[in-house]
Amino acid sequence: MLSTILLQAAGMGIAKMGATVGAGLAAIGAGIGIGLIGKGAVEAIGRQPSAAGEIRTSMLIMSALVEGVALFAIVVCFLGLFQ
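The opening residue of the sequence shown carries number 554 in the numbering used here; numbering runs sequentially from there.
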């Protein structure tokens, strides 16, 4: 009986640790992804300044999509914390 309770408590601790690590990795991945998008956009604008408006629009759309995926991943990780 006691060993079962201890194993369940240990499993909950591991699950919480996994959820927090997953949320952290999602945030780090989003930061890296948005940084690469911005880097590519700045380089593209430097090569062809006349297309700056189109490049900026594409950059903002892609950044929003990356943020959406990251937010979804973080929510899933936090849902794992409370299950």
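C-beta: ideal position from N, C-alpha, C; glycine also.
Worksheet item: What are the boundary residues of the alpha helix (DSSP H) that SER611 is part of?
Response: 605-634
Worksheet item: Beta carbon of ILE627, beta carbon of ALA579: below 9 Å?
Response: Yes. Within cutoff.
Item to complete: Can you grab the Cα-Cα spacing for the pair LEU559 / ILE587, in whole Å?
Response: At LEU559, the pLDDT of 48 sits below 50, so the modelled position is not reliable; the number obtained from the coordinates is stated separately. So the two alpha carbons sit approximately 42 Å from each other.
Fill in: Proximal residues to ILE608 (C-beta, below 7 Å), its chain only, five neighbours per side dropped
So the qualifying residues of the chain are ALA594, ALA597, ILE598.
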